[in-house]
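*Asks:* Numbering (our numbering), first residue to last: 1 to 306.
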């Protein structure tokens, strides 16, 4: 175990070291220089082809007399690369010496990482964000920290020099591999059947909606009252008979006699001499015209008018 730890320390010696902002303990530490922790960052490979995975590894070595490893926090970024998954964390401890290693697998398949032609460089250099390693107090607040830098990463094109020259001369693509023909898709339900079924259902729902709206409108719209049929205009004889009935019922003898004279005049026009004479006799009788005679005259005159 000690041999593995020594090999790890030797490997970290060639990595990018952290910039120290640490307390120094005069009583010493297993890391030397009296510092409680150190950090090393590596990227493998630092030169790779477009689309290849890259491994970024951060190792923090600490003296457990002065540092509790569980209170370490790491902040960094890899734009335009992105981690494929969350970093894996491994811990090794021998005596007071402890090493915590975070490992990210990175990839960049977007335009910013693609080498461009021209210019003639045909590669890109990327520098990731600096790493901040914080040591927290027991209450979660930052007590102190250090920073580290990732090595620069270079992306090379995967296009061969011959293909690149051909593209520059002809401005045409020369495919080295051809995609296989894609088999016809299988469907549980035929797309045309599904389309026409959906269209038919939509039409049926539209008709049902129109029917319901029509019923709603018929039930709620104001009903137009039918205009009453115009009554036929009464003749002068009918008006005279109505006035006679009213005068007789109200006991207005004077109006009754005048109305009888009017009825007699109307009957003269219709050439009904007998009724006309009877009406005049009642109009000029010495006594008040009897009820039954007035009713009989009115009935016969009405029938004659009809």
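C-beta: ideal position from N, C-alpha, C; glycine also.
For residue 80, collect the residues of the same chain with a Cβ closer than 8 Å to its Cβ; drop the 5 residues on either side in sequence, then sort them by chain order.
*Replies:* Start at 1 with the first residue of the chain shown, and residue 80 comes out as number 80. The answer, listed in chain order, is 108, 110, 112, 113 and 126.
*Asks:* Pick out whichever of 156, 302 and 31 has its Cα sitting closest to the Cα of residue 97.
*Replies:* As a first step, residue 97 is located in the chain shown; it is residue number 97 there, counting from the start. When each option's Cα is compared against that of residue 97, the closest is 31.
*Asks:* Let me make sure I understand the geometry here. Which of 42, 62 and 275 has the alpha-carbon closest to that of residue 324?
*Replies:* An answer regarding residue 324 cannot be provided, because it is not within the stretch 1 to 306 covered by the chain.
*Asks:* Just to confirm the assignment, what range does the beta strand (DSSP E) spanning residue 58 have?
*Replies:* Taking the first residue of the chain shown as 1, we reach residue 58 at position 58. Looking at the DSSP string, the run of the beta strand (DSSP E) that includes residue 58 is 54-63.
*Asks:* Under the three-state reduction of DSSP, which class applies to residue 81: helix, strand or coil?
*Replies:* Locating residue 81 in the chain shown gives position 81, where the first residue counts as 1. In this structure, residue 81 counts as coil in the three-state DSSP scheme.
*Asks:* Could you name the residues of the same chain whose beta carbon sits closer than 6 Å to that of residue 311, not counting the 5 residues immediately before and after it, in chain order?
*Replies:* Since the first and last residues shown for the chain are 1 and 306, residue 311 lies out of range.
*Asks:* Taking 8 Å as the cut-off, does the region 138-145 touch the region 80-96 (at least 3 CB pairs, one atom from each stretch)?
*Replies:* no
*Asks:* Between which residues of its own chain and residue 24 is the CB-CB distance below 8 Å, once the five residues before and five after are set aside?
*Replies:* Within the chain shown, residue 24 is the residue found at index 24, counting from 1. Cβ neighbours of residue 24 beyond the five flanking positions: 33, 34 and 35.
*Asks:* Below 6 Å CB to CB, which residues in the same chain sit around residue 247 once its five sequence neighbours on both sides are set aside?
*Replies:* For the purposes of this step, residue 247 is taken as the residue at position 247 of the chain shown. The answer, listed in chain order, is 255, 256 and 259.
*Asks:* Is DSSP giving residue 258 helix, strand or coil here?
*Replies:* For this step, residue 258 is matched to residue 258 along the chain shown. Looking at residue 258 - three-state DSSP - the assignment turns out to be helix.
*Asks:* Could you pull the start and end residues of the alpha helix (DSSP H) that residue 196 belongs to?
*Replies:* The residue labelled residue 196 in the question sits at position 196 within the chain shown. Start and end: 191-220.
*Asks:* What's the gap between the Cα of residue 60 and the Cα of residue 165?
*Replies:* Taking the chain shown and counting its residues from 1, one reaches residue 60 at position 60. Taking the chain shown and counting its residues from 1, one reaches residue 165 at position 165. Their backbone Cα atoms lie some 46 Å apart in a straight line.
*Asks:* How many angstroms separate the CA atom of residue 151 from the CA atom of residue 95?
*Replies:* By 1-based counting over the chain shown, the position of residue 151 is 151. By 1-based counting over the chain shown, the position of residue 95 is 95. Distance between the alpha carbons of residue 151 and residue 95: 31 Å.
*Asks:* Secondary structure at residue 145, three-state DSSP: helix, strand or coil?
*Replies:* Position 145 of the chain shown holds residue 145. It is a strand residue.
*Asks:* Assign residue 40 to one of three DSSP states: helix, strand, or coil.
*Replies:* By 1-based counting over the chain shown, the position of residue 40 is 40. Reduced to three states, the DSSP call for residue 40 is strand.
*Asks:* On the premise that residue 74 lies in contact with residue 133, defined as a C-beta separation below 8 Å, what is that separation, rounded to the nearest angstrom?
*Replies:* Translated into the one-based positions of the chain shown, residue 133 becomes position 133. Translated into the one-based positions of the chain shown, residue 74 becomes position 74. Right, the Cβ-Cβ distance comes to about 6 Å (below 8 Å), so this counts as a contact.
*Asks:* So, helix, strand or coil for residue 88, using DSSP?
*Replies:* Indexing the chain shown from 1 puts residue 88 at position 88. Strand.
*Asks:* Classify residue 24 as helix, strand or coil using the three-state DSSP reduction.
*Replies:* Numbered from its first residue, the chain shown carries residue 24 at position 24. In the structure shown, residue 24 sits in coil (DSSP, three-state: anything other than H, G, I, E or B).
*Asks:* Considering only C-alpha positions, which residue in the set 297, 204, 149 and 201 is nearest to residue 56?
*Replies:* In the chain shown, residue 56 corresponds to position 56, counting from 1. Comparing Cα positions, the closest option is 149.
*Asks:* For the alpha helix (DSSP H) that contains residue 135, what are its first and last residues?
*Replies:* Indexing the chain shown from 1 puts residue 135 at position 135. No alpha helix (DSSP H) holds residue 135; the beta strand (DSSP E) holding it covers 131-136.
*Asks:* Is the beta carbon of residue 84 sitting closer than 9 Å to the one on residue 101?
*Replies:* Within the chain shown, residue 84 is the residue found at index 84, counting from 1. Within the chain shown, residue 101 is the residue found at index 101, counting from 1. In this structure, residue 101 does not lie closer than 9 Å to residue 84 by Cβ.
*Asks:* Whole angstroms is fine: what's the gap from residue 290's alpha carbon to residue 281's?
*Replies:* If you number the chain shown from 1, residue 290 lands on position 290. If you number the chain shown from 1, residue 281 lands on position 281. Distance between the alpha carbons of residue 290 and residue 281: 12 Å.
*Asks:* Assuming residue 278 contacts residue 297 (C-beta within less than 8 Å), just tell me the rounded distance between them.
*Replies:* Along the chain shown, one-based indexing puts residue 278 at 278. Along the chain shown, one-based indexing puts residue 297 at 297. About 6 Å separates the beta carbon of residue 278 from that of residue 297, a gap short enough to meet the 8 Å contact definition.
*Asks:* Can you tell me whether residue 206 is buried or exposed? The criterion is at least 16 other CB atoms within 10 Å of its CB, across all chains shown.
*Replies:* Position 206 of the chain shown, counting from 1, holds the residue named residue 206. Residue 206 should be labelled exposed.
*Asks:* For my contact list, residue 154 and residue 43 are in at a C-beta cut-off of 8 Å; report their separation, rounded to the angstrom.
*Replies:* For the purposes of this step, residue 154 is taken as residue 154 along the chain shown, with counting starting at 1. For the purposes of this step, residue 43 is taken as residue 43 along the chain shown, with counting starting at 1. With a Cβ gap of about 10 Å, residue 154 and residue 43 do not count as contacting.
*Asks:* Can you tell me whether residue 283 is helix, strand or coil according to DSSP?
*Replies:* Against the chain shown, residue 283 aligns to sequence position 283. Shown here, residue 283 sits in a helix according to DSSP, grouped into three states.
*Asks:* Cα separation between residue 253 and residue 220?
*Replies:* Locating residue 253 in the chain shown gives position 253, where the first residue counts as 1. Locating residue 220 in the chain shown gives position 220, where the first residue counts as 1. Going from the Cα of residue 253 to the Cα of residue 220 covers about 57 Å.
*Asks:* Evaluate residue 292 with the Cβ neighbour count: other Cβ atoms within 10 Å of its Cβ, from every protein chain shown; 16 or more gives buried, anything less gives exposed.
*Replies:* As a position in the chain shown, residue 292 is number 292, starting the count at 1. Exposed.
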